[in-house]
Amino acid sequence: MPRLRFLDRDRTVAPAGYNRWLIPPAALAVHLCIGQVYGFSVFNEPLTRVLGIDEPIPGKDWTIPQVGWAYSIALVMLGLSAAVLGRWVERAGPRKTMFAAACCFCGGLWLSGLAVEWHSLGLLYLGYGVIGGFGLGLGYIAPVSTLVRWFPDRPGMATGLAIMGFGGGALIGAPLGVKLMGTFASETSVGVREAFLVMGTVYFAYMIFGAATVRVPAPDWQPKGYDPAIRRKSMMARSDIPVDLAWRTRPFWLLWLVLCLNVTAGIGILGQASLMCQDMFAVSAAVGGGFAGLLSLANMGGRLAWSSLSDLTGRKAVYGVYFLLGAVLYTLIPLSQKTGSVALFVGLTALIISMYGGGFATIPAYLRDLFGTLHLGAIHGRLITAWSVAAVLGPQLVNYISTYRIAQGVPRAEAYNLTMYLMAGLLVIGLVCNLLVRPVERRFAGHSLDSSADEA
0 MPRLRFLDRD RTVAPAGYNR WLIPPAALAV HLCIGQVYGF SVFNEPLTRV LGIDEPIPGK
60 DWTIPQVGWA YSIALVMLGL SAAVLGRWVE RAGPRKTMFA AACCFCGGLW LSGLAVEWHS
120 LGLLYLGYGV IGGFGLGLGY IAPVSTLVRW FPDRPGMATG LAIMGFGGGA LIGAPLGVKL
180 MGTFASETSV GVREAFLVMG TVYFAYMIFG AATVRVPAPD WQPKGYDPAI RRKSMMARSD
240 IPVDLAWRTR PFWLLWLVLC LNVTAGIGIL GQASLMCQDM FAVSAAVGGG FAGLLSLANM
300 GGRLAWSSLS DLTGRKAVYG VYFLLGAVLY TLIPLSQKTG SVALFVGLTA LIISMYGGGF
360 ATIPAYLRDL FGTLHLGAIH GRLITAWSVA AVLGPQLVNY ISTYRIAQGV PRAEAYNLTM
420 YLMAGLLVIG LVCNLLVRPV ERRFAGHSLD SSADEA
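For the sequence shown, numbering that gives the first Met the number 0 assigns the number 455 to the last residue and increments by one with no breaks.
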């Protein structure tokens, strides 16, 4: 349609003299919206009493496990959609992709509102989980690959700016959801339906702003004073490597394991932060909630701080810090429980979660170093399937091991100690994988997509 041609990639090429610092706000507009997925838990309990309003009606209202699958499906679809549609994202350009992300993510929220109205669990899974999950995947990778192209001199900082928004999305989405449910709650409604509809509308406006204002640099554009030959480091690719070859190389799969292990360890704590704090130190639910909020801030700040640091130290070095320091910190958590030091526990876990967030923000720059920028969005999309695996693996390890130990008579305060040692072990394995990462073999550079290649 002629009216939609403004979405085409060739319509987004920035003119000469364009200020590249106008791009981070466009990326943040999208990531702050789709980051709402981290705040979905505020809807869990209200969704279990949609029919009963004041109390759940057994056998008719949904249960917490049933509702929780909407969140899990959304995260799985984030990874799958990014992997499957990554090549299309590179061809279509960021504006068209971000517009599609707005339609899918916000359309999923609107469908979720209808699911509440009709009390259809399947429609909730389809809306928030599948369609909304597609929006998550598209909205996640398009701004990141665009920022890397605009900031070749500081790719870690650039990706940190965008992904910081995703990590901080819950700081907006969670209180907004609570406020809207409180505003619309009545004798006949828990307010969730209205909250989904309003949030979908507000987020759509912000995401369209991001899509309308995003630009891509001209093919020959470089920042003033930037010389790729001078700044090239030993790990950096000498030329761009197509996605069909990149994902067959050993460095790609080593980074897949690096991301999966880092996320598995971090998300296990992040997903159970409030309950862990209550169980280990017998604090109130309010204190546990405040602890979870503090970890969200650490997650958000770590994405910018650690990824920016990687521009100075190199990606491999900063990931070495994530794994080595993280493993030590995990082994100290049982000590904080044994001594009853809440302050030590909070400090340890906040630093761990900052590196969890930093891992997300650093990985696109790591990929850029190894494979170039030609198909960065597509390569990143395939790699974050590791996130989908870790999003299931991490919380389940914490849940099942702690539940089993409590059932075996272990005091609730000590039930998480074994899990912390296990997480430390996973990080040690991640450290080994990171140390094994080497530059991609020269024979892969410059290959056509029809070429066949063995694993590097």
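Ideal placement from N, C-alpha and C gives every residue a C-beta, glycine not left out.
Distance, G134 Cα to F150 Cα: The sequence position of residue 150 within the sequence shown is 151, counting from 1. The sequence position of residue 134 within the sequence shown is 135, counting from 1. Distance between the alpha carbons of F150 and G134 is about 25 Å.
Just to confirm, is the Cβ distance from R192 to G128 under 8 Å? Working through the sequence shown from its first residue, we reach residue 192 at position 193. Working through the sequence shown from its first residue, we reach residue 128 at position 129. No, they are not a contact pair.
Simplified DSSP state of R437, which is helix, strand or coil: Here residue 437 is taken as the residue at index 438 of the sequence shown, counted from 1. If DSSP states are grouped into helix, strand and coil, R437 belongs with coil.
Spell out whether any CB of chain C is found under 8 Å from the CB atom of I140. In summary, chain C is missing from the structure at hand, where a single protein chain is found.
Under a Cβ-count criterion, where at least 16 other Cβ atoms within 10 Å of its own Cβ denotes burial, should I456 be classed as buried or exposed? In this structure the chain extends from 0 to 455, so residue 456 is not present and cannot be described.
What distance in whole Å lies between the Cβ atoms of A194 and G209, which are believed to be in contact at a cut-off of 8 Å? Residue 209 sits at position 210 when you count from the first residue of the sequence shown. Residue 194 sits at position 195 when you count from the first residue of the sequence shown. Not really, about 22 Å apart at Cβ, beyond 8 Å.
Between the C-alpha atoms of S307 and C259, what's the straight-line distance to the nearest angstrom? Stepping through the sequence shown from its first residue, residue 307 is reached at position 308. Stepping through the sequence shown from its first residue, residue 259 is reached at position 260. Computed Cα separation, rounded: 21 Å.
Distance, C102 Cα to G34 Cα: As a position in the sequence shown, residue 34 is number 35, starting the count at 1. As a position in the sequence shown, residue 102 is number 103, starting the count at 1. Each residue's Cα considered, the two are about 15 Å apart.
Enumerate in chain order the residues of its own chain whose CB-to-CB distance from R8 is below 6 Å, with the five nearest sequence positions on each side excluded. Here residue 8 refers to the residue found at position 9 when the sequence shown is read from its first residue. Within the same chain, R8 has close Cβ partners G92.
For V388, the residue or residues it bridges with in DSSP: Mapped onto the sequence shown, residue 388 falls at position 389. In DSSP, V388 forms no bridge with anything.
Measuring only the C-alpha atoms, how far is N416 from S335? In the sequence shown, the residue the question calls residue 416 occupies position 417. In the sequence shown, the residue the question calls residue 335 occupies position 336. Taking the straight line from one Cα to the other gives about 10 Å.
Can G132 and H30 be called in contact, C-beta distance under 8 Å? As a first step, residue 132 must be located in the sequence shown, where it is residue number 133. As a first step, residue 30 must be located in the sequence shown, where it is residue number 31. Result no, Cβ atoms of G132 and H30 do not sit closer than 8 Å.
Would you mind stating whether L435 and Y365 have Cβ atoms separated by less than 8 Å? Residue mapping note: residue 435 aligns to position 436 of the sequence shown, counting from 1. Residue mapping note: residue 365 aligns to position 366 of the sequence shown, counting from 1. The answer is no: Cβ separation not under 8 Å.
Which of the three DSSP states is assigned to S295 in this structure? Here residue 295 refers to the residue found at position 296 when the sequence shown is read from its first residue. In the structure shown, S295 sits in a helix (DSSP, three-state: H, G or I).
Can you tell me whether DSSP reads S144 as helix, strand or coil? Counting from one through the sequence shown, the residue named residue 144 turns up at place 145. Helix at S144.
Assuming A82 and R411 form a contact by the criterion Cβ under 8 Å, report the distance between their Cβ atoms to the nearest whole angstrom. The residue given as residue 82 occupies position 83 in the sequence shown. The residue given as residue 411 occupies position 412 in the sequence shown. Wrong, their Cβ atoms sit about 39 Å apart, outside the cutoff.
Where S185 sits in the DSSP three-state scheme: Within the sequence shown, residue 185 is the residue found at index 186, counting from 1. If DSSP states are grouped into helix, strand and coil, S185 belongs with the strands.
Is the Cβ-Cβ distance between G356 and E89 less than 8 Å? As a first step, residue 356 is located in the sequence shown; it is residue number 357 there, counting from the start. As a first step, residue 89 is located in the sequence shown; it is residue number 90 there, counting from the start. Taking 8 Å as the Cβ cut-off, G356 and E89 do not qualify as a contacting pair.
Out of curiosity, what's the CA-to-CA distance linking Y420 and F344? Walking along the sequence shown from the start, residue 420 turns up at place 421. Walking along the sequence shown from the start, residue 344 turns up at place 345. Taking the Cα positions, Y420 is about 15 Å away from F344.
Along the chain, where does the alpha helix (DSSP H) containing L343 start, and where does it finish? Numbered from 1 along the sequence shown, position 344 holds the residue referred to as residue 343. Its alpha helix (DSSP H) spans residues 341 to 370.
Can you tell me whether V12 is helix, strand or coil according to DSSP? Translated into the one-based positions of the sequence shown, residue 12 becomes position 13. Strand at V12.
Put V215 into one of helix, strand or coil per three-state DSSP. What you label residue 215 is simply residue 216 of the sequence shown in a count that begins at 1. Reduced to three states, the DSSP call for V215 is strand.
Using 10 angstroms around the beta-carbon of Q407, count the other beta-carbons present and answer buried if the total reaches 16, otherwise exposed. Here residue 407 is taken as the residue at index 408 of the sequence shown, counted from 1. By the 10 Å Cβ count, Q407 comes out exposed.
Taking 8 Å as the threshold (C-beta atoms), are I72 and Y124 in contact? Position 125 of the sequence shown, counted from the first residue, corresponds to residue 124. Position 73 of the sequence shown, counted from the first residue, corresponds to residue 72. The beta carbons of Y124 and I72 sit closer together than 8 Å.
Own chain residues within Cβ distance below 7 Å of I171, not counting five before or after: Stepping through the sequence shown from its first residue, residue 171 is reached at position 172. Same-chain partners within the cutoff: L31.
Measure the beta-carbon distance from V242 to R86 and round it to whole angstroms, keeping in mind my assumption that it falls under 8 Å. Looking up residue 242 in the sequence shown gives position 243. Looking up residue 86 in the sequence shown gives position 87. So it is a contact: roughly 6 Å between Cβ atoms.
Looking only at C-alpha atoms, which of T348, T361, Y329, S295 sits nearest to G313? Counting from one through the sequence shown, the residue named residue 313 turns up at place 314. Minimum Cα distance to G313 is reached at T361.
D53 - DSSP class collapsed to helix/strand/coil: Position 54 of the sequence shown, counted from the first residue, corresponds to residue 53. It is coil, neither helix nor strand.
Tell me which same chain residues have a C-beta within less than 6 Å of the C-beta of I162, skipping the five on either side of it? Your numbering for residue 162 matches position 163 in the sequence shown. Residues R302, F359, A360 of the same chain have their beta carbon placed closer than 6 Å to that of I162, with the five preceding and five following residues left out of the count.
Residue range of the alpha helix (DSSP H) that includes Q336: Numbered from its first residue, the sequence shown carries residue 336 at position 337. Residues 314 to 338.
Specify the secondary structure class of G58 as computed by DSSP and reduced to three states. Numbered from 1 along the sequence shown, position 59 holds the residue referred to as residue 58. G58: coil per DSSP, three-state reduction.
What's the gap between the Cα of E440 and the Cα of L256? For this step, residue 440 is matched to residue 441 along the sequence shown. For this step, residue 256 is matched to residue 257 along the sequence shown. So the alpha carbons of these two residues sit roughly 19 Å apart.
Quick check on A412: does DSSP put it in helix, strand or coil? For the purposes of this step, residue 412 is taken as the residue at position 413 of the sequence shown. Taken through DSSP and simplified to helix, strand or coil, A412 comes out as helix.
Quick one: what's got a C-beta closer than 7 Å to V66's C-beta in the same chain, skipping five residues either side? As a position in the sequence shown, residue 66 is number 67, starting the count at 1. Excluding positions up to five away in sequence, the list reads N43, L46, T47.
Leaving out five residues on either side along the sequence, give the residues of the same chain with a beta carbon under 7 Å from the beta carbon of V213. The residue given as residue 213 occupies position 214 in the sequence shown. Contacts found: T11, I22, A25, P93, R94, M97, T145.
Identity of the residue in T418, V388, L122, Y202 nearest S401 by Cα: Mapped onto the sequence shown, residue 401 falls at position 402. Comparing Cα-Cα distances from S401 to each of T418, V388, L122, Y202, the minimum goes to T418.
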